[in-house]
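Inspection log for the structure reproduced underneath, given as structure tokens.
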Amino acid sequence: MAIEINQQQPPQEVGLSRIAVSETHGEDSPYFAGWKAYDENPYDESKNPSGVIQMGLAENQVSFDLVEKFLEQHCEASSWGNKISAFRENALFQDYHGLQSFRKAMASFMEQIRGGRANFDPDRVVLTAGATAANELLTFILADPGDALLVPTPYYPGFDRDLRWRTGVKIVPIHCDSSSNFQITPQALEDAYNNAESMNIKVRGVLITNPSNPLGLTIQRSVLENLLDFVTSKNIHLVSDEIYSGSVFSSSEFVSVAEILQARNYKDSERVHIVYSLSKDLGLPGFRVGTIYSYNDKVVTTARRMSSFTLISSETQHLLASMLSDREFTQNYIQTNRERLRKRYEMIIQGLRKAGIECLAGNAGLFCWMNLSPLLETPTREGELSLWNSILGEVKLNISPGLSCHCSEPGWFRVCFANMSEQTLEIALKRIQEFMGRRRSQHRETVFGNSSFFRALQNRKQKRKKKFSKIRRP
Amino acid sequence: MLSSKAMLDGHGEESPYFQGWKEYEKNAYDDVQNPTGIIQMGLAENQLSLDLLRTRLENNQDATRLTNNGESVFRDLALFQDYHGLPAFKNVLEEFMAEMRGNKVSFDPRKLVLMAGATSASETLMFCIVEHGDAFLLPTPYYPGYDRDLKWRTGVELVPIHCSSSNGFKITKSALEEAYQEAQKLSFNVKGVFITNPSNPLGTTMSHVELDELITFAVAKKIHLISDEIFSGTVFENPSFISIIEAVINRKLEKTDLWSRVHIVYSLSKDFGIPGFRVGMIYSNNERVVSTATKMSSYGLISSQTQYLLFKLLSGKEFRENYLKENRKRVKERREMMVVGLGQAGISCLKGNAGLFCWVDLRNHLSSNTFTAEMELWKKILHEAGLNISPGASCHCTEPGWFRICFANMSEETLMVSMERMKAFLHKQ
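Top to bottom, those sequences are chains A and B.
FYI, this note's numbering numbers position 417 of the first sequence as 1221, with every residue one higher than the one before it.
FYI, this note's numbering numbers position 223 of the second sequence as 232, with every residue one higher than the one before it.
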């Protein structure tokens, strides 16, 4: 079924568009409601130690010091030196091709992240103010209103808005679940495509996030190969959002679609487009630096023109061109950032295990995908929401329920670990351990102390006896 | 294989406005390295006052080092992606916008939505207000970029309000009515009027009378009024600039439903000469528009680094007042230089008091009173005189023979060269 958020509108207000009055901006989902709870009572280690700890925000704060050090040692990157002409030129520069030096640096950085296993041509780099803009822009270019993109679940909640809101394009989910380790199976792909067809919806492409948000896991090479074959056979597009590519704990584990295309000598590559951003890997979401890398000339040209609506500040391009052209900085950064994220990941996994909680085995990203299904009162969405509310209300942790990521299996939660200090993470883990401890003792009491439970058990036994007694033996 | 938006020409880059730009890029004038190259006079940039900003930068290390009184604010800025915008920056902007309007209007930062350029702001307003196939009325001549910015992805139709040289291209009541009827004939649902005040390409501020007509019209038809006031800081002499909000207040209509149908687009690109920094905004009295536009600004937020830079540079009432005064003076002087230069070539311009360009009358030099003749003349000026100017047709002017010529995007010397070339060219004709 296509994912539709309730489009009921109030009566027309002073002649605004349907887009303006619809709810497709998605800000009423739990994803955002938890955010609001945090805003009203944010944790602070000294001023508000019992406040809500934000674990729903996929930010990378572990490697700021490296960027700060670079800035201190390279003042000219963030200013324009002594010549007024440098300031003037930069201030006037609004060419949608973007600063050539920055495009080159970006292409090189993307290559380094992939361990040199893929080449990137700076002339195919299109700049946008963030990946949010890049994904929306690509959708405008690849699909018409009413068409669909297939997106594997669970997926980043922001896609509901970014891919659909102003574009009028639909999302048809590719259902992935724990039975396949949430990897995209050929069957799931076919099912999604057929599902769209049965609703007379034209599929224009598949959009994946690799490494995955919220899974924190890279997509396997075989799955990518299969995806490429699939989109080629259906003559549709493949968009690979690789925004977390620099956050893979071990370089060798990430396979980018770019590598596969290169190995195939770029055959059928004109349907493939990569989205990237510096928001996660460099921890600079405020600077609004996104990019579309397309193997399709017409897409590059059109995206470039459309990027007029979402250009990156030339001041910021200038700064980052300097930073990303510095190979010493980038090599050190990529390596160190990876290592720190891996350590954080280990820390949270151990901490959760101590609480008796298992996570999906991950290898990337700023979060882990936690399995709380054993704790659900009922294996339903309501059960999950109820548990999420308890965790928010009792434990004062804002985590993201799988429901908000359109996960088809209730009980999974995304928990971020890189947007806080180690101390805060320890406190969060402690709170979870205590919560789980309380739950276990409550459960024990319930099981042994509740006579109605035994009555129900007896009743069930009787019913089963009656049922089997009716079955005639051959 | 791609969407219809991608396959059609909604990007508008086939128009002369962009063609001339491309010719220029192939053979750009440089006073030393390429003195016979094409001089770019089709770009409404303000290069006159960048030194003032630059000097302010020198005295303000915090602005670029991302420090506040020496203490680093880098981390906070790096993480700051709140679509409500940097509060300190919005406060400064709100003060500046009020000062520019002689403090006759005050602005509430809560009604201000920041986005990456006026290009983004104008489009976003369309997304908030129109459905596919609705129409907005625009007085001609208008900025060629609107054909892309307002229409491309939103599906809005633009219907011209024809203005003519007979009354200095002012908007009249009958022109408004005619445009409305025209839209109805085409079965478009008119959602509003979109004006640019001061006008691009005319270089004039809208009169009190015109604004009144517009307001009366918008009240009667129950439609929106959008005023792109991007050149408001370049008004250098009377008649003084009247913002749409001021005009509505003067009519005592703040408490009526018109109030929530009035929206301003603004940007720092023209007044400060910083188009590269992508600083635009919407100001609206309509809560729903503000809330929706705020969410939509996610698709084009201003870099927090730049918000901080400009917050630091533009803080200080004295600096702002001096800047406005000096910038206006320089714009006036430059314009006079062009008017005199063109005058010496026997050419007159529409009398103007704002903007970075003159609206020039070359009707006498057309071989016939047609747009074909205008295009011929434009090409000759481009290839023979080596000047890229903007033909009125690209601005949807209804009368052939008018051209927009920019004067603020080059040095004085280059302007003198261009005037000499124009004289020589016209002399030959």
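Note that CB positions come from ideal geometry on N, CA and C, so glycine has one too.
Since this is a predicted model, take the numbers as computed values, not measurements.
>> Looking at the secondary structure, which residues open and close the alpha helix (DSSP H) in which Val-340(B) lies?
In response: 326-353
>> Quick check on this structure: which residue in Asp-370(B), Asn-418(B), Leu-310(B), Lys-432(B) has the alpha carbon closest to the alpha carbon of Gly-350(B)?
In response: Taking each of Asp-370(B), Asn-418(B), Leu-310(B), Lys-432(B) in turn and checking the Cα distance to Gly-350(B), the smallest one comes out for Lys-432(B).
> Could you give the uninterrupted runs of the beta strand (DSSP E) lying entirely in the region 158-223 of chain B, keeping only those of 3 residues or more?
Replying inline: Correct list: 166-170, 198-205.
> Does the beta carbon of His-20(B) come closer than 9 Å to any beta carbon on chain A?
Replying inline: Yes, its Cβ sits closer than 9 Å to a Cβ of chain A.
> Is the CB of Ala-192(B) under 9 Å away from at least one CB in chain A?
Replying inline: Closer than 9 Å: no.
> How many Å lie between Thr-1106(A) and Phe-944(A) at the Cα?
Replying inline: 10 Å
>> Bridge partners for Ile-47(B) per DSSP, in chain order?
In response: Ala-37(B)
> When you compare only the Cα positions, how much space is there between Arg-343(B) and Lys-230(B)?
Replying inline: Going by the C-alpha atoms only, they are around 41 Å apart.
> Where does Pro-1205(A) sit, in a helix, a strand or coil, going by DSSP?
Replying inline: strand
>> For a contact defined as C-beta to C-beta under 8 Å, what are the partners of Lys-432(B) on chain A?
In response: None at all; the shortest Cβ gap to chain A is about 28 Å.
> If we ignore side chains and look at the alpha-carbon of each, how far apart do Asp-995(A) and Phe-924(A) end up?
Replying inline: 34 Å
> Going along the region 1114-1148 of chain A in order, which residues come within less than 8 Å of chain B, judged by CB to CB distance?
Replying inline: Thr-1114, Leu-1115, Ile-1116, Ser-1117, Ser-1118, Glu-1119, Thr-1120, Leu-1123
>> Tell me which residues share the same chain as Pro-1205(A) and place their Cβ nearer than 7 Å to its Cβ, disregarding the 5 neighbours each side in the sequence.
In response: Pro-834, Glu-1188, Leu-1189, Trp-1192, Phe-1217
>> Pop quiz: Leu-62(B) and Leu-75(B) are said to be a contact at Cβ under 8 Å. What is the actual Cβ separation, rounded to whole angstroms?
In response: Contact flag wrong, Cβ pair sits at about 18 Å.
>> Quick check: what's the CA-CA separation for Ile-414(B) versus Leu-396(B)?
In response: 9 Å
> If you compare alpha carbons, which of Leu-946(A), Tyr-1070(A), Ser-1049(A), Pro-1178(A) is closest to Met-16(B)?
Replying inline: Leu-946(A)
> Is the Cβ-Cβ distance between Val-1061(A) and Leu-1019(A) less than 9 Å?
Replying inline: no
> Measuring CA to CA, which of Tyr-997(A), Phe-1239(A), Ser-1049(A), Gln-904(A) is closest to Asn-770(A)?
Replying inline: An answer regarding residue 770(A) cannot be provided, because it is not within the stretch 805 to 1278 covered by chain A.
> Using a Cβ-Cβ cut-off of 8 Å (strictly less than) and excluding sequence neighbours within five positions of Gly-177(B), which residues of its own chain qualify?
Replying inline: Thr-213, Leu-359, Lys-360
> Any C-beta of chain A sitting closer than 9 Å to the C-beta of Ile-283(B)?
Replying inline: yes
> Taking the C-alpha atoms as reference points, what is the distance between Met-1151(A) and Leu-1176(A)?
Replying inline: 18 Å
> Can you tell me the Cα-Cα spacing of Ile-809(A) and Leu-875(A), whole angstroms?
Replying inline: Reliability fails at Ile-809(A), whose pLDDT of 39 lies under 50, so the model's placement of it is uncertain and no value is given.
> For Asp-1130(A), which three-state DSSP category applies?
Replying inline: coil
>> Tell me the DSSP secondary structure of Val-462(B) in three-state form.
In response: Nothing about residue 462(B) can be reported from this structure: the residues present for chain B run from 10 to 438 only.
>> Excluding the 5 residues flanking Ser-1056(A) on each side, which residues of the same chain have their C-beta closer than 8 Å to its C-beta?
In response: Gly-919
> Using 9 Å as the limit for Cβ to Cβ distance, is Val-1103(A) near chain B?
Replying inline: Contact of Val-1103(A) with chain B is assigned, a C-beta pair being separated by under 9 Å.
>> If the cut-off is 7 Å on Cβ atoms, which residues from the region 844-865 of chain A count as contacting chain B, listed in chain order?
In response: Glu-863
>> Please tell me whether Pro-956(A) has its Cβ less than 9 Å away from any Cβ of chain B.
In response: With 9 Å as the cut-off, Pro-956(A) does not count as an interface residue toward chain B.
> Which ranges would you report for the alpha helix (DSSP H) in the region 1101-1155 of chain A if only whole runs of at least 4 residues count?
Replying inline: List check, alpha helix (DSSP H) in window: 1101-1110, 1118-1129.
> What did DSSP end up calling Thr-76(B) once you bin it into helix, strand or coil?
Replying inline: strand
> So Arg-968(A) and Ile-975(A) are in contact, right, with Cβ under 8 Å, and what is the actual spacing, rounded?
Replying inline: 6 Å
> With distances taken between CB atoms, is the gap from Leu-167(B) to Leu-185(B) smaller than 9 Å?
Replying inline: no
> Does DSSP classify Ala-96(B) as helix, strand or coil?
Replying inline: According to the sequence provided, residue 96(B) is Pro. The question's Ala does not apply to it. Collapsing the DSSP output to three states places Pro-96(B) in a helix.
> Just curious, the beta strand (DSSP E) that Met-124(B) is in, first and last residue?
Replying inline: 121-124
> What does Asn-1202(A) touch in chain B if you count any residue whose Cβ is under 8 Å from its own?
Replying inline: The premise fails here: Asn-1202(A) is roughly 16 Å from chain B at the closest Cβ pair, so nothing lies under 8 Å.
>> Which residues in chain B have a C-beta closer than 8 Å to the C-beta of Glu-1238(A)? List them in chain order.
In response: Result: empty, since nearest Cβ-Cβ is about 29 Å, beyond 8 Å.
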